[in-house]
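*Asks:* Dropping the structure in here first, questions after.
There are 2 protein chains.
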Amino acid sequence: MNSQYPSALLENAVNEFANLPGIGRKSALRLVLYLLRQDEEKVANFAGTILKLKREIKYCFVCHNISDTEICNICADKSRDNSLICVVENVKEVMAIEKTVQFGGLYHVLGGIISPIDGIGPSDLEIASLEERVKAGGIREVILALSATMEGDTTNFYIYRKLQSYGVKVSIIARGVSVGDEIEYADEVTLGRSILNRTPFDESYKLLPK
Amino acid sequence: MNSQYPSALLENAVNEFANLPGIGRKSALRLVLYLLRQDEEKVANFAGTILKLKREIKYCFVCHNISDTEICNICADKSRDNSLICVVENVKEVMAIEKTVQFGGLYHVLGGIISPIDGIGPSDLEIASLEERVKAGGIREVILALSATMEGDTTNFYIYRKLQSYGVKVSIIARGVSVGDEIEYADEVTLGRSILNRTPFDESYKLLPK
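In the order they appear, the protein sequences are chains A and B.
Note that the first sequence covers residues 1 to 210 in the working numbering.
Note that the second sequence covers residues 1 to 210 in the working numbering.
This is the structure:
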């Protein structure tokens, strides 16, 4: 045998799984053998669901988040504050912020951040459409909620400069010591920022509910 | 929104991946978003390859290993010793033993081991077909290479009793200290077995090549 696999069909399926991020060849084989043990109907469902997602998924016309409809549930929700836009990298961040139940405005999903190393420039992202939303008026504040990395900051500055002329308030989510963290273990940059960006304290101050 | 996912299509795909063993919901989302970023052709290939595997895979008529053909490559290989059968649980063990390049006989893939807890009895496994192979004659030795666990031993004894009357030699792979292990860290059951099952030593003795 040339291959370590007893079957080309098996090897092809292992290759497909091993191409996914974070899945090695051993895990891929385990997953494929698991699927082989299932009924054909279950496997057909697995394959069909993934293909259907790719073929039928839409991106919200307004905020560019993943959606089943032309306008996503969040943008269509009349009870939300449509003068407040939170700028995020991707759908994962929308889900993370929604989970906090601390934000009642709308989102704008960039689809990534500026990263010259990966060849991602401003034109590859939904920045022009953000400018259009702000230009159209009715926006009170744009909150930047990108990663606290060099690429995130580059993107923050780029967006800030683009929006400056429209007189909209631009803010950035707080960077500081994580809730639950001990001060002695916080890194110095974070700790420094948390002192510079200190907030008023009184009886009404409370940590987020766990 | 009722769901934490912005799209039912997305949620369905995440559910499918999260159903696989060892994949949590966070990893599932990461995998699904990765696939979403690929071309439709690549996603169609992924889905198609898995479905094709399930629909077209065959099991070798002789040894019951996964195969693309009625008789697998190993059973069809005239250069192998067809009087020697190594009994294994699954295709993974065939691949592991083939990799050692220390075995030139044929295999018999049981498709599992006897495990009353999981409701797997002898009739769920390819034990009757093993008996048939031995009964048909021409088999010199059957090597048991099942897991060194209670279930493995139960299965070993069951097979041994089934084959006893045919006068075939039944052997079991050595259990002992792993090559590269230090004696002081070997568990006492393994160490005890390795003393009981000691083998002759002379100048010709060598460890397996790494």
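By construction, the Cβ of each residue, glycine as well, lies at the ideal position given by its N, Cα and C atoms.
All values reported here derive from a predicted model rather than from experimental measurement.
Using beta-carbon positions only, say whether Ala-18 (chain B) and Ala-28 (chain B) come within less than 8 angstroms of one another.
*Replies:* Yes, these two residues count as a Cβ contact at 8 angstroms.
*Asks:* Alpha carbon to alpha carbon, how far is Val-101 (chain A) from Lys-52 (chain B)?
*Replies:* 44 angstroms
*Asks:* Does the beta carbon of Leu-146 (chain B) come closer than 8 angstroms to any beta carbon on chain A?
*Replies:* no
*Asks:* When Cβ atoms are compared, which residues of the stretch 41–66 of chain B fall closer than 9 angstroms to chain A?
*Replies:* Taking 9 angstroms as the Cβ-Cβ cut-off, the stretch 41–66 of chain B approaches chain A at Lys-42, Val-43, Ala-44, Asn-45, Phe-46, Ala-47, Gly-48, Thr-49, Ile-50, Leu-51, Lys-52, Leu-53, Lys-54, Arg-55, Glu-56, Ile-57, Lys-58, Cys-60, Asn-65 and Ile-66, given in chain order.
*Asks:* For the beta strand (DSSP E) holding Asp-153 (chain A), just list the boundary residues, first then last.
*Replies:* Premise fails: Asp-153 (chain A) lies in the alpha helix (DSSP H), 150–164, not in any beta strand (DSSP E).
*Asks:* Measure the beta-carbon distance from Ile-50 (chain A) to Val-62 (chain A) and round it to whole angstroms, keeping in mind my assumption that it falls under 8 angstroms.
*Replies:* Not really, about 27 angstroms apart at Cβ, beyond 8 angstroms.
*Asks:* Rounded to the nearest angstrom, what separates Arg-193 (chain A) and Gly-48 (chain B) at their Cα positions?
*Replies:* So the two alpha carbons sit approximately 51 angstroms from each other.
*Asks:* Quick one, are the C-beta atoms of Glu-141 (chain A) and Leu-84 (chain A) less than 8 angstroms apart?
*Replies:* For the pair Glu-141 (chain A) and Leu-84 (chain A), the CB atoms are nearer than the 8 angstroms cut-off.
*Asks:* Using a C-beta to C-beta distance shorter than 8 angstroms, which residues of chain B count as neighbours of Ser-27 (chain A)?
*Replies:* Gly-22
*Asks:* Hey, Ile-113 (chain B) and Leu-146 (chain B) are a contact pair by Cβ (cut 8 angstroms); roughly how many whole angstroms apart?
*Replies:* 6 angstroms
*Asks:* If you reduce the DSSP assignment to three classes, tell me which class Tyr-5 (chain A) lands in.
*Replies:* coil
*Asks:* Can you name the residues of chain A whose CB is closer than 9 angstroms to the CB of Glu-93 (chain B)?
*Replies:* Within chain A, no residue comes near Glu-93 (chain B); the closest Cβ sits about 12 angstroms away, beyond 9 angstroms.
*Asks:* Cβ of Val-134 (chain B) within 8 angstroms of Cβ of Leu-163 (chain B)?
*Replies:* Going by C-beta atoms, Val-134 (chain B) is nearer than 8 angstroms to Leu-163 (chain B).
*Asks:* Among B:Leu-31, B:Tyr-59, B:Asn-82 and B:Arg-55, which one has its Cα closest to the Cα of Gly-137 (chain B)?
*Replies:* B:Asn-82
*Asks:* Alpha carbons only, please: which of A:Pro-122, A:Ile-23 and A:Ile-66 is nearest the one belonging to Arg-37 (chain B)?
*Replies:* A:Ile-66
*Asks:* Comparing the C-beta of Arg-30 (chain B) with each C-beta of chain A, is any distance below 8 angstroms?
*Replies:* yes
*Asks:* Since Ser-129 (chain B) is in the alpha helix (DSSP H), which residue starts that stretch and which ends it?
*Replies:* 127–135
*Asks:* Report the CB separation of Ile-143 (chain B) from Ser-171 (chain B) in whole angstroms; it is logged as a contact under 8 angstroms.
*Replies:* 5 angstroms
*Asks:* Residues of the stretch 85–109 of chain A in Cβ contact with chain B at a cutoff of 9 angstroms, in chain order, please.
*Replies:* Asn-90, Val-91, Lys-92, Val-94, Met-95, Glu-98 and Lys-99
*Asks:* Let me check one thing: in DSSP terms, what residues is Val-109 (chain B) bridge-paired to?
*Replies:* B:Val-88
*Asks:* What whole-angstrom Cβ distance do Leu-33 (chain B) and Val-91 (chain A) have, given they're in contact under 8 angstroms?
*Replies:* The beta-carbon separation of Leu-33 (chain B) and Val-91 (chain A), rounded to 7 angstroms, stays under the 8 angstroms limit for a contact.
*Asks:* What's the C-alpha gap between Glu-211 (chain A) and Lys-78 (chain A)?
*Replies:* With chain A represented from 1 up to 210, any question about residue 211 (chain A) goes unanswered, as that position is not in the structure.
*Asks:* Kindly list, in the order they appear in chain B, the residues whose Cβ is closer than 7 angstroms to that of Tyr-34 (chain A).
*Replies:* Leu-20 and Pro-21
*Asks:* Quick check on this structure: which residue in A:Pro-122, A:Cys-86 and A:Lys-58 has the alpha carbon closest to the alpha carbon of Ile-173 (chain A)?
*Replies:* A:Cys-86
*Asks:* Note down, in chain order, every chain A residue with its Cβ under 8 angstroms from the Cβ of Glu-70 (chain B).
*Replies:* Result: empty, since nearest Cβ-Cβ is about 12 angstroms, beyond 8 angstroms.
*Asks:* Near Gly-104 (chain B), which residues of its chain fall below 6 angstroms by C-beta distance, leaving aside the five closest residues on each side in sequence?
*Replies:* Arg-80 and Asp-81
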